[in-house]
Amino acid sequence: MNSDNFDADVAVIGGGLAGVRAAAQLHAGGASVLVLEARDRLGGRTYTRPLGGAAFDFGGQSIGPGQPRMYQLVKDLGLEIAPAHVAGRKVLELGGKATTYAGTIPFINPLKLLTLQLILKRIERLSRQIPSEAPWDAPHASSLDSLTLEAWRRPAWAIGTEVRRLMDVVVRTVFGADAGELSLLHFLWFVSSNGGLMPLVETKGGFQQDRIVGGTQQISERLGATLSRDRIRLNAAVRTIRQDENGVTVESSSESWRAKRVVVAVPLAIAGRISYEPLLPTARDQIHQRVAMGSTVKIFATYERAFWRERGLSGEAVGTSGAISVAFDNTSNDGSVPCLLGFVVGRPARTFATMPREYRRAQMLEELARFFGPEARTPLEYAEMDWGEERFSGGCPIGNFPPGTLSVFGNALRMPVGRLHWAGTEIARQCVGYMEGAIESGDRVAEEILTVL
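Our numbering numbers the first residue of the sequence shown as 14 and each following residue consecutively.
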């Protein structure tokens with residue numbers, strides 16, 4: 014192909030939040046863009062589907078204080094937000110026994126609660142030493158990166174089973190992985206980049222505070238609408254990226270496109286499935302090989318009425334014995350479709366797909382019934398979303414760094430490789446792992462490319 018026969022100044026691979034934000038910013042800056050998305054839709058790990066006559070988010074769905082880009086973007090796109098339902102007491106299932114509580118921290122044995130609070134304070138203190146833009150430059154980064162979170166907490170704290178299980182709920186829900194899979198440096202970086210531990214676990218005042226009316230996938234769709242229709246190609250799974258001295262050729266199984274620059278805005282594990290010519294530098298390639306996606310299943314059950322609210326329950330629950338780690342009241346914003354949402358995360362999510370669907374359904378509803386009462390066993394509709402079965406995501410919510418990765422290869426995360434640039438929530442400078450981080454990474458990479466163009 015003629016080297017100056019360009020289809021666009023920039024080809025953006027991936028139509029999730031990071032990719033479409035980068036494309037929109039590049040377009041606004043005067044560059045011509047082409048978005049190549051493997052799926053038949055935009056949105057990536059945000060995915061809104063109808064259920065019971067209302068729109069529900071089967072992927073990422075919540076935002077909260079400390080995420081200014083998302084709030085501004087929602088406003089700019091003419092979307093509305095609505096607060097999550099929090100009124101009422103929460104449910105804690107610990108060791109097979111269910112109790113209710115108010116506030117953020119459930120009531121447990123005072124000595125065990127003290128231990129938990131001391132652990133949380135030490136995590137906060139350690140995380141403040143981790144620079145969110147460059148965790149590999151943190152003091153003792155190599156030592157922190159040599160341990161898993163599990164290895165750190167086991168000898169350092171004489172924690173009982175109850176405290177361990179509560180910590181496991183938080184880790185599994187946030188990362189889709191277990192404490193033994195995460196580098197301690199990665200864990201602390203995540204906490205640091207998101208302004209502390211409490212925003213990750215709180216609803217009111219935390220990152221679960223608000224939802225976008227009509228669903229979060231609208232964000233990608235409306236950003237995409239700022240481009241002309243022929244600038245977005247769906248069902249275009251990129252297989253090969255070839256760089257030369259004049260530009261980049263991007264190839265799918267049936268088409269090819271030519272651009273001056275390329276943004277790769279897909280999960281790191283998915284980026285590793287693309288063939289690069291010439292080969293990527295070792296550090297970049299090692300990141301793709303090592304960072305695995307978390308495991309998350311979202312289950313939805315709709316009902317004729319919100320019976321849990323009638324009992325004075327908020328719909329929020331924490332479970333330590335079954336497959337569901339946390340549950341929330343996920344009733345539609347207009348209140349017309351009462352809904353409970355459960356998260357199956359980490360190790361339990363990996364066995365989810367191996368069970369027959371009817372068995373899974375019965376187990377999930379039984380666990381909801383233990384939290385909220387026998388009415389939970391008979392929903393009007395039941396639905397589930399196993400992100401491990403999503404070919405072009407490979408899992409959810411984020412990619413996780415095992416020991417020995419960030420401290421050794423981390424400085425290659427955002428570094429361009431020739432004409433290739435990188436975006437995605439996993440490599441954000443703030444709010445890593447959240448929609449806010451995806452938007453931040455899109456802004457960064459657009460600025461990076463507009464400077465060189």
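Just so you know, even glycine gets a beta-carbon here, dropped at the ideal spot from N, CA and C. Note that the structure is predicted; figures quoted are calculated from it, not measured.
Do Gly359 and Gly189 have their beta-carbon atoms positioned less than 9 Å apart in this structure? yes
If you follow the alpha helix (DSSP H) that His301 is in, where does it begin and where does it stop? His301 -> alpha helix (DSSP H) spans 295-303.
Using only CA atoms, which one of Asp70, Glu460, Pro280 lies nearest to Leu353? Asp70
I'd like to confirm something about Leu197: is its beta-carbon nearer than 8 Å to some heavy atom of the ligand ATP, or not? By its list of ligands, the structure shown contains no ligand whatsoever, and the ligand ATP lies outside what it can speak to.
Per-residue DSSP class, three states only, for His199: helix
CA-to-CA distance, Thr216 to Gln96, given in whole angstroms: Residue identity check: residue 96 is Pro in the sequence provided, not Gln. Approximately 9 Å, taken between the alpha carbons.
Can you give me the start and stop residues for the alpha helix (DSSP H) that Ala375 sits inside? 370-385
Considering only C-alpha positions, which residue in the set Arg457, Gly455, Cys444 is nearest to Pro78? Cys444
Beta-carbon within less than 6 Å of Ala396's beta-carbon, same chain only, minus the 5 sequence neighbours each way: which residues are those? Leu64, Phe313
With a CB to CB cut of under 7 Å and the five nearest residues on each side skipped, what residues in its chain are close to His40? Correct list, in chain order: Val46, Thr239, Leu240.
Is Asn346 buried or exposed, if buried means 16 or more other CB atoms sit within 10 Å of its CB? Of the other Cβ atoms in all chains shown, 16 or more fall within 10 Å of the Cβ of Asn346; this residue is therefore buried.
Simplified DSSP state of Arg255, which is helix, strand or coil: In the three-state reduction of the DSSP assignment, Arg255 falls in the strand class.
In angstroms, rounded to a whole number, what distance separates the CA positions of Arg224 and Val279? 24 Å
Spatial distance of Glu175 from Glu106 (CA atoms): 10 Å
Arg62 - containing beta strand (DSSP E), residue span: 61-64 is the extent of the beta strand (DSSP E) around Arg62.
Beta-bridge partners of Glu394, as assigned by DSSP: Thr315
On the three-state DSSP scale, how would you describe His434? strand
Unbroken alpha helix (DSSP H) run spanning Leu179, endpoints: 174-188
Answer yes or no: do Gly455 and Val277 have a C-beta to C-beta separation smaller than 9 Å? no
Once the 5 residues before and after Gly42 are set aside, which same chain residues still bring their CB inside 6 Å of it? Leu463
Distance, Cα to Cα, Ala68 vs Thr315? 12 Å
Does the distance from the C-beta atom of Ser308 to that of Arg363 stay below 9 Å? yes
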